[in-house]
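To start, the structure itself, in structure tokens.
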Amino acid sequence: MTDYQLLVQRYDPEHDGEPRQQRFTVPGDHTTSVLDALLHVQQQLDPTLGLRWSCRMAICGSCGVMVNGIPKLGCKTFLRDYRGDIVIEPLAHFAVEKDLIVDMTQFLAHLSAVKPYLINDYSGTQPHKQTPAQLTKYQQFSNCINCGLCYSACPQFGLNPEFLGPAAIMLAQRYNLDSRDNGKAARMPQLNAKNGAWGCTFVGFCSDVCPKQLDPAAAVNQTKVESAKDFIISMFKP
Amino acid sequence: MNTPASARKPYQPELSRSWWLKHHYYRLYMLREATVLPLLFFLGCLLYGLYCLAQGAAHWQSFQLFMQQGWVIALNLLAFAASLFHAKTFFALFPRVMPLAPARLMIGGQWLATLLVAAGLLVLLGGWL
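Chains A and B supply the protein sequences, listed in that same order. Those letters in the first sequence? Residues 1 to 238, by the working numbering. Those letters in the second sequence? Residues 239 to 367, by the working numbering.
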């Protein structure tokens, strides 16, 4: 067992005016994740530490935190990869409710704004078939776990919280590319707007931090191509 | 029954002007965006050259003398390096935006096209034809 030094950002809305840092010494070996370390703090050292977590296997997307300034899933990040002080802060660009818990209301509003569901007039009882080739078109964009790391990596979202952001635009692209969907026309006004795909300047850090190795930056910029096509086609429509 | 007052007081962090200095990924992004600055100087030189050409031989000679100064050559070399760096980042991003073929093939194809166009221009403008 090795002792690791954790510098955890604390914020108690009832007492603190702004966040402060607190040092914890946590024992760990090569299997100890950042989430394990935080749970050790909560269970053994300070039960008032607030954090979100659930599955511990990078599926639920709840335990996102900043580790040394980079958005990470706590359960998928290991103490063994760090030397010296490990600074743990709540996800950047979101309002902090308490300690490591952020308010994701805006993120969820952006997700639902792009109508992330199949829109069609299919009403049969038969299965709605899809070929493997049709599935491949959107499959890579459908594995998002809504952890919000890409929003913490995106300076455009940090500067302008109205920007739809990487995950929401990727989700829109995921449904636009689905052969069973006819809702593209309903989604394009959101994506064409100033706070839609065009708010992105292709920093690309969102794709770098994605814990599921998706490429939201590619999805956003493919949406720009779609948006441009949509604009040109609309010029020729009466 | 009265509802208790909410104890919520979310802390909204603000993004400082120096956000891009915090991570090498952001610094690289800003460098990519800043490549336009030396290119502006090159464009200025080009426009000045065109203007001088229209004004006559004396102006054209003064333009040539201007272009031979050390600092002008240095800035133009910087603009050349910047445009190569920008091309490298652009060529790498292009296959992700328009995935028409395997990424490696598209990146190689773009460099090949750049080389061919550059070589063609050199032959055309260098007076070897």
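Ideal Cβ placement from N, Cα and C applies to all residues, glycine included.
Let me confirm a value: residue i is counted as buried when at least 16 other C-beta atoms fall within 10 Å, else exposed. Which label applies?
| i | result |
| --- | --- |
| Ala-92 of chain A | buried |
| Glu-14 of chain A | exposed |
| Leu-51 of chain A | buried |
| Asn-221 of chain A | buried |
| Ser-300 of chain B | exposed |
| Thr-223 of chain A | buried |
| Phe-163 of chain A | buried |
| Ala-312 of chain B | exposed |
| Phe-236 of chain A | exposed |
| Thr-273 of chain B | buried |
| Ile-145 of chain A | buried |
| Ile-233 of chain A | exposed |
| Gly-185 of chain B | With chain B covering only 239 through 367, there is no way to say anything about residue 185 of chain B. |
| Glu-18 of chain A | exposed |
| Phe-318 of chain B | exposed |
| Val-65 of chain A | buried |
| Tyr-11 of chain A | buried |
| Lys-72 of chain A | buried |
| Leu-149 of chain A | buried |
| Leu-284 of chain B | exposed |
| Gly-199 of chain A | buried |
| Gln-156 of chain A | buried |
| Phe-107 of chain A | buried |
| Lys-194 of chain A | exposed |
Assuming residue i is part of the alpha helix (DSSP H), what are its boundary residues?
| i | result |
| --- | --- |
| Leu-275 of chain B | 274 to 293 |
| Lys-229 of chain A | 216 to 235 |
| Gly-358 of chain B | 341 to 363 |
| Lys-184 of chain A | 184 to 192 |
| Gly-308 of chain B | 308 to 335 |
| Leu-250 of chain A | A question about residue 250 of chain A goes unanswered here, because the residues of chain A that appear run from 1 up to 238. |
| Ser-256 of chain B | Run containing Ser-256 of chain B: none; DSSP gives neither H nor E here. |
| Val-209 of chain A | 205 to 209 |
May I ask which residues mark the beginning and end of the beta strand (DSSP E) holding residue i?
| i | result |
| --- | --- |
| Phe-24 of chain A | 20 to 28 |
| Thr-2 of chain A | 2 to 10 |
| Leu-73 of chain A | 70 to 73 |
| Gly-64 of chain A | 64 to 67 |
| Lys-98 of chain A | 95 to 98 |
Return the Cβ separation of residue i and residue j in integer angstroms, given the expectation that the two are a contact with Cβ distance under 8 angstroms.
| i | j | result |
| --- | --- | --- |
| Pro-166 of chain A | Pro-216 of chain A | 4 angstroms |
| Ala-37 of chain A | Leu-100 of chain A | Their Cβ separation, rounded to whole angstroms, is 12 angstroms, which puts Ala-37 of chain A and Leu-100 of chain A out of contact at 8 angstroms. |
| Gln-9 of chain A | Ile-59 of chain A | Not a contact, Cβ separation roughly 25 angstroms. |
| Ala-228 of chain A | Gln-173 of chain A | About 14 angstroms separates the two Cβ atoms, so there is no contact after all. |
| Cys-147 of chain A | Pro-47 of chain A | Not confirmed; about 25 angstroms, so no contact. |
| Leu-214 of chain A | Ile-86 of chain A | The Cβ separation is near 26 angstroms, so there is no contact. |
| Asp-16 of chain A | Leu-118 of chain A | That pair is no contact at about 45 angstroms. |
| Gly-242 of chain A | Trp-53 of chain A | Here chain A covers residues 1 to 238 and nothing more, so residue 242 of chain A does not appear. |
| Phe-205 of chain A | Cys-154 of chain A | 7 angstroms |
| Leu-277 of chain B | Ala-320 of chain B | 6 angstroms |
| Leu-171 of chain A | Val-209 of chain A | 17 angstroms between Cβ atoms; not a contact. |
| Val-67 of chain A | Val-96 of chain A | About 16 angstroms; that fails the 8 angstroms criterion. |
| Gln-130 of chain A | Ser-62 of chain A | In fact, because the Cβ distance is near 30 angstroms, the residues do not count as touching under 8 angstroms. |
| Arg-265 of chain B | Trp-258 of chain B | 6 angstroms |
| Phe-231 of chain A | Asn-192 of chain A | 7 angstroms |
| Val-225 of chain A | Met-336 of chain B | 7 angstroms |
| Gly-124 of chain A | Lys-260 of chain B | Not confirmed; about 53 angstroms, so no contact. |
Notebook entry, point to check: When Cβ atoms are compared, which residues of the region 130 to 161 of chain A fall closer than 7 angstroms to chain B?
Noted result: Pro-155, Gly-158 and Leu-159
Notebook entry, point to check: In the region 205 to 217 of chain A, which residues sit with their C-beta less than 8 angstroms from some C-beta in chain B, listed in chain order?
Noted result: Phe-205, Asp-208, Asp-215 and Ala-217
Check: Can you list, in chain order, the residues of the region 79 to 93 of chain A whose Cβ is nearer than 8 angstroms to any Cβ on chain B?
Finding: Ala-92 and His-93
Item checked: Residues of the region 49 to 69 of chain A whose Cβ lies closer than 7 angstroms to any Cβ of chain B, in chain order -> Gly-69
Item checked: beta strand (DSSP E) segments (min. 3 residues) lying fully within the region 87 to 165 of chain A -> 95 to 98 and 101 to 103
Note to self: Which residues of the region 265 to 289 of chain B have a Cβ closer than 8 angstroms to any Cβ of chain A? Give them in chain order.
What the structure shows: Tyr-267 and Glu-271
Next item on the list: Would you list, in chain order, the members of the region 183 to 203 of chain A that have their beta-carbon closer than 7 angstroms to a beta-carbon of chain B?
Entry: Phe-202 and Val-203
Margin query: Residues of the region 323 to 344 of chain B in Cβ contact with chain A at a cutoff of 7 angstroms, in chain order, please.
Written below: Leu-331, Arg-334, Val-335 and Met-336
Next item on the list: Give the residues from the region 240 to 252 of chain B that approach chain A closer than 8 angstroms (Cβ to any Cβ), ordered along the chain.
Entry: Ala-245, Arg-246, Lys-247, Pro-248, Tyr-249, Gln-250 and Pro-251
Note to self: At a CB distance below 7 angstroms, what residues from the region 95 to 126 of chain A approach chain B? Give them in sequence order.
What the structure shows: Ala-95, Val-96, Glu-97 and Asp-103
Next item on the list: Could you please tell me which residues of the region 289 to 317 of chain B, in chain order, have their CB closer than 9 angstroms to any CB of chain A?
Entry: none
Note to self: So if I threshold CB-CB distances at 8 angstroms, which residues from the region 217 to 237 of chain A count as touching chain B?
What the structure shows: Ala-217, Ala-218, Asn-221, Gln-222, Lys-224 and Val-225
Notebook entry, point to check: In the region 252 to 263 of chain B, which residues sit with their C-beta less than 8 angstroms from some C-beta in chain A, listed in chain order?
Noted result: Leu-253, Trp-257, Trp-258, Lys-260, His-261 and Tyr-263
Item checked: Contact list for the region 3 to 23 of chain A against chain B, Cβ threshold 9 angstroms -> Tyr-11, Pro-13, Glu-14, Asp-16, Gly-17, Glu-18 and Pro-19
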